[in-house]
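First residue of the sequence shown? That's 1 in the working numbering, and the numbers climb one at a time after it.
In this text, a Cβ means the ideal position worked out from N, Cα and C, and glycines have one as well.
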Amino acid sequence: KVVDTWPLADSPIPLICITITYLLFVLKLGPWIMEKRNPFSLNKVLIVYNFTLVLISLILTVWPISKKLILFLYQDGCHPRNGVPYSISYWSAVYTWFYLLSKICELTDTVFFVLRKKYNQVSFLHVFHHTIIMVLAWFHLKYLPGIQGVVMGFLNSGVHIFMYLYYMLAAMGPAYQKYVWWKKHMTRIQLIQFVIMGIYMSGLLIFNCEMPRPVSAYFIFISILFLLLFIDFYTKTYKKKTK
């Protein structure tokens with residue numbers, strides 16, 4: 001497989017090292033380093049960082065459309081009558097690789113929380129979400145570099161356009177706070193994302209599509225798990241404020 005020659009895809013060791021380093025820093029080492037230090041003011045860095053991720057998310061949303069990956073899935077994605085064209089398979093793998101890189105980059109979200117001593121945002125949901133999505137992206141690239149998993153990256157990247165736009169505007173200071181009134185709706189959009197993912201993966205399972213049934217079932221489980229975790233977050237964050 002061509003993906004076996006790509007950086008990060010040839011062996012699980014680099015990803016394991018990245019994951020362990022990330023967890024050690026955000027859960028133990030980072031808070032210990034910052035214990036007697038004042039939080040860093042990183043507004044300018046955050047503006048640039050979040051703007052960059054808006055652009056990356058936009059590219060990862062437009063890419064599957066421009067390369068006709070979504071069109072192929074819509075027309076012939078479950079049981080391709082003539083097989084999957086090489087160009088579709090290749091660009092699906094390339095897309096997944098870049099998606100994996102973006103998930104590794106997004107680990108920096110948590111690093112910034114630690115450096116700013118925003119420990120309340122280093123929640124189980126946040127750390128678990130960042131870690132598991134990255135691992136699933138690698139697993140998909142390594143063992144299932146097919147077309148059907150592209151939908152997950154497509155949906156997730158679309159949501160992240162708005163999420164990182166919100167973070168960018170929030171970092172720009174009080175003058176821009178009036179533009180971030182839609183924060184609550186971000187969680188609702190994420191909930192809708194997981195519902196769509198669950199329905200899509202259920203379709204792959206029911207119609208016995210190209211994706212192996214155990215993998216489809218696992219992705220359904222992950223979608224339901226994230227849906228429940230985000231519902232719990234939404235309830236605790238916004239319902240309490242309305243009381």
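Handout entry: C-beta atoms of F112 and L46 nearer than 8 Å
Key = yes
Practice task
Return the CA-CA distance between L69 and M211, expressed in angstroms with no decimal places.
Solution key: Taking the CA atoms as reference points, L69 sits about 16 Å from M211.
Practice task
Please say whether L228 and S216 have beta carbons closer to each other than 8 Å?
Solution key: no
Practice task
Out of K117, S202, F139, point me to the one whose CA is closest to D10's CA.
Solution key: Nearest option by C-alpha distance: F139.
Problem - Residues near L191 in its chain [Cβ-Cβ closer than 8 Å; skip 5 each side] - result: Taking L191 as the centre and dropping the five residues before and after it, the same chain places the C-beta of L227, F230, I231, Y234 closer than 8 Å to its C-beta, in chain order.
Practice task
Excluding the 5 residues preceding and the 5 following K117 in the sequence, name in chain order all residues of the same chain whose CB lies nearer than 7 Å to its CB.
Solution key: M34, P39
Handout entry: Among L144, L73, G158, the one whose alpha carbon lies nearest that of D4
Key = L144
Handout entry: Close-in-space but distant-in-sequence residues of the same chain around Y95 (CB under 8 Å, 5 per side omitted)
Key = Leaving aside the five residues that flank Y95 on each side, the residues in its chain whose CB is nearer than 8 Å to its CB run, in chain order, L60, W63, P64, K67, L69, V150, G153.
Exercise for the section: Have a look at T52 and A171 and give me their C-alpha separation to the nearest angstrom. Expected result: 14 Å
Handout entry: Whole-number beta carbon distance between Y166 and V180, since they are thought to touch under 8 Å
Key = 6 Å
Handout entry: Limits of the unbroken alpha helix (DSSP H) element including D232
Key = 213 to 234
Practice task
Return yes when the Cβ of L141 is within less than 8 Å of the Cβ of W97, no when it is not.
Solution key: yes
Practice task
Measure the C-alpha to C-alpha separation of H160 and S57 and round it to an integer number of angstroms.
Solution key: One C-alpha to the other measures close to 6 Å.
Problem - Element boundaries [alpha helix (DSSP H), containing Q193] - result: In the DSSP assignment, Q193 falls within the unbroken alpha helix (DSSP H) covering 183 to 206.
Practice task
Quick one: grab the DSSP three-state call for N50.
Solution key: Per DSSP, reduced to three states, the secondary structure at N50 is helical.
Exercise for the section: Go through the stretch 60 to 146 residue by residue and report every complete run of the beta strand (DSSP E) that reaches 3 residues or more, in order. Expected result: The DSSP assignment places no complete run of the beta strand (DSSP E) inside the stretch 60 to 146 (cut-off: 3 residues).
Problem - Environment of N208 [buried if 16+ CB atoms lie within 10 Å] - result: exposed
Problem - Span separating the alpha-carbon of T21 from that of K236 - result: So the two alpha carbons sit approximately 30 Å from each other.
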